[in-house]
Amino acid sequence: MSVRSSSASLLALALTIVPATAQKLDKSVFPQIAMQKEARGAGIIAALGSRLPEVARFYGLAEQEFGALCLRDHDLRADRSARLFYVCEGATAQAPTAQNAGTDALLTYPASQTFLLHSKPGATRVIYLDFDGHTTSGTSWKSGATFTSPPYSTDGSSAFSSGELANIQDIWKRVSEDYAAWDVDVTTQEPPLESLRKTTSTDTAYGVRVVIGGSSYDWYGAGAGGVAYIGSFSWNSDTPCFVFPVELGNGWPKYIAEATSHEVGHTVGLNHDGVSGGSAYYEGHNGWAPIMGVGYYASVSQFSKGEYTSANNTQDDTAIIDTYIPRTADLSGDAIATAVPLSGPSISATGIIGTRADADLYKVEAGAGTLSVTAGKASPDANLDIQLSLYDSTGNFLTGANPAGLGASLSRTVTPGTYYIAVEGTGTGSGTTGYTDYASLGQFVLSGTVPVALSQPPVAVASPVSASGLAPLTVSFSSAGSYDSEGSTLTFDWDFGDGASSADPNPTHTYTTPGTYTASLVVFDADGYSGSAEVGIVVQNAGSVLYVSGITMTKKSTNRGTQATAVVTVKDLAGNVRSGATVTGTWGGLTSGNVSAKTGTSGTASFNSAFSKAASGTFTFTVTGITLSGTSYNAALNTVTSASIAR
């Protein structure tokens, strides 16, 4: 069978089957294919010809499913190497009427913190919202060509206005909510390059850069709300996805956030949610829309598995995302035995409903009176529709609340005893009239009042005002927040974990020996009841903190061209050079590449660039990391991090 007849038969077969139900990408090595030009829609089938089964298999699809996907979504493209990406032409939007420059938000955090925001600090997966402009080079976009995206702007100025900073904070909050159920840090602070690349099969620190700025006509040459490669979240390169504010109401925060979550969705293997025989982008119904459709005009947008009428994609969104990013840790118990205790007449807590089966339980001790609880959304664009329930000490259901809207409140007259409050996700109506609890996931804020129970023990709260540094380390401790529900005066007993103690409510103590200590606080009320709390203290040795003390650059010329050498010196805070440390870095300028080497007895590591025959230019070497067992690297202490030498 010829290539032409083979692709034609596949095209005919694809027309007869049900819409594709995509599985996770198999993430094996992508087949080596060179196409004459970029293809889209049905053209992908013809361009791939006999190579179609290999590409379909890589994307976790049967051949017929792959063909159906290409036919139903004209915005699906294949680049010249046959990798699939989306150009979301149907996801553009004009600014809401009667509005102006694209600002409807207020600053939540100080303006100076706008580019330091983290939804889950410490998470190894990262979604980096890049608002301050970016130069893209050496990626699959434009066949590796270099191009520059401008910063996010609603007024055409290169400086960020207070309104634009407020928009950025608002966008970050909305995207953080969409991915709150997963252990991923949505951040506006640029992470190290290695935090965005999955370099080995065991690498767990990777993610995607979302470049948010300018117009799709700046470099792509077609109108689109955004573009993204399918599955690029776990690629071994810093390949961004892009969101174009000019095509999204001139930077309207709601639109930008929806487009950002949508494009990130493509990078974790998700396809468009549309309707059979109609648009590739479903705009929703009754105030609800799928994130992988168009959520710009809906008050609730969630991930979907195609439960709405005439859905053309039954892909299980949350299960697909799970193959790239694990779910967030469940910090509150799902059962009475593991319920989180809340104390005092005024209770408060924050939490995340991370799975469809998750229910966060809280335990309270109440006296006689009225117990009232409210659970509300923690984001301007919440995904979680909350159901509240109240149980007695043996787990019998007493009352619940699931009103219209996302929040819920309940109130109940109670007798003295133990009670349990449960927060869980719910839906409204059905998948065709509203939405189910399938993706009713996200953050919530719980607050309430509990009638005081008599003769309750006090609550101790211990915290260090400062707790990380080198020996000798002086730490200021605080008991702020400790209280007795009956209002009696508290006494304090601190044990600093090194044999010293104090009765001061807010003492200061100096640790002279490096090590890890547990400081404990016991508070006593007037009736002799006590409560306790602990806090960990780490006292470092100066020899355990490494930094770059110098980079020396030299060059040599041969008939092969010019080669640069960078010699990096590593020291610890005690002033000693350190051998055996693995230094990683990157070459830039005339050459490029990632390199690593270990320091020798002199504390230096040497790196040679590739040869360059360019007539002029600069070799630049940048240190990206230092690792040595038993130590930590602090780049902020570096004397120099990057050095250059002219050819």
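When we follow the numbering used here, the leftmost residue of the sequence shown carries the number -7, and every step to the right adds one.
Each residue gets a CB set at the ideal place from its N, CA and C atoms; glycine is no exception.
Note that the structure is a prediction, hence the values are computed from the model and not measured.
With fewer than three CB-CB distances shorter than 8 Å, the segment 383 to 395 does not count as touching the segment 185 to 198.
Gln181 and Thr131 have their C-alpha atoms roughly 22 Å apart.
Restricting attention to Val587, Gly434, Gly270 and Val47, the CA atom closest to the CA of His66 is found in Gly270. A contact between stretches requires three or more CB pairs, one per stretch, nearer than 8 Å, and the segment 538 to 557 fails this requirement with the segment 519 to 527. Taking 8 Å as the cut-off, the Cβ atoms of Asp314 and Lys297 do not count as close. For Ser493, DSSP records a beta bridge to Asp487.
Here the segment 348 to 361 makes no contact with the segment 226 to 234; the two share fewer than three CB pairs at distances below 8 Å.
The C-beta of Glu526 has fewer than 16 other C-beta atoms within 10 Å across all chains shown, which makes the residue exposed. One Cα belongs to Ser493, the other to Ser470, and the distance between them is close to 14 Å. By the Cβ-count criterion, Ser135 is exposed, with fewer than 16 other Cβ atoms from all chains shown falling within 10 Å of its own Cβ. The three-state secondary structure of Leu61, taken from DSSP, is helix. The beta carbon of Ser153 lies closer than 7 Å to those of Asp147 in the same chain, with the five residues before and after it left out.
The Cβ neighbour count for Pro113, taken over all protein chains shown within 10 Å, is under 16; the residue is labelled exposed. Residue state for Lys548 is assigned as strand, using DSSP reduced to three classes. Ala534: not part of any beta strand (DSSP E); DSSP gives it neither H nor E. The residues Thr231 and Thr259, in chain order, have a CB closer than 6 Å to that of Ser224 in the same chain once the five nearest residues on each side in sequence are set aside. In chain order, Tyr274, Pro282, Met284, Gly285, Ser296 and Asn305 place their CB closer than 6 Å to the CB of Asp265, counting only its own chain and leaving out the 5 sequence neighbours on each side. Check the Cα spacing between His277 and each of Ser302, Ser145 and Ile25: the tightest is with Ser302.
A residue is called buried when at least 16 other Cβ atoms come within 10 angstroms of its Cβ; Leu98 does not meet this threshold and is exposed.
If you draw a straight line from the Cα of Leu465 to the Cα of Gly473, it is about 24 Å long.
In chain order, Ala173, Arg319, Thr320, Asp322 and Leu433 place their CB closer than 7 Å to the CB of Gly346, counting only its own chain and leaving out the 5 sequence neighbours on each side. Here Leu398 carries a coil assignment [DSSP, helix/strand/coil]. Restricting attention to Ala115, Ile248 and Thr192, the CA atom closest to the CA of Gln161 is found in Ile248. Asp377 is not a Cβ neighbour of Gly440, given a cutoff of 8 Å. Straight through space, the alpha carbons of Gly218 and Gly279 are spaced by roughly 23 Å.
Secondary structure within the segment 300 to 337: the alpha helix (DSSP H) runs of 4 or more consecutive residues, fully enclosed, are 309 to 314 (chain order).
For the segment 193 to 279, the continuous beta strand (DSSP E) assignments of 3+ residues that do not extend past its boundaries occur at 198 to 204, 218 to 221 and 233 to 235, in sequence order.
Less than 8 Å divides the Cβ of Ala216 from the Cβ of Thr84. In the DSSP secondary-structure assignment, Thr127 is bridged to Thr140.
Between the segment 580 to 595 and the segment 611 to 630 there are three or more inter-stretch CB-CB distances shorter than 8 Å, so the stretches are counted as touching. Beta-bridge partners assigned by DSSP to Tyr411: Val356. Here Gly287 has Glu250, Ala281 and Ser293 as same chain residues with Cβ atoms under 6 Å from its own Cβ, once five neighbours each way along the sequence are excluded. Closest in alpha carbon position to Ile618, among Gly419, Ala607 and Asn630, is Asn630. Secondary structure of Ile37 (DSSP, three-state): helix. By the Cβ test, the segment 375 to 391 is in contact with the segment 416 to 430, since at least three Cβ pairs between them sit closer than 8 Å. Only residues of its own chain outside the window of five on either side were considered, and among them Pro23 have a CB closer than 7 Å to the CB of Glu46, listed in chain order.
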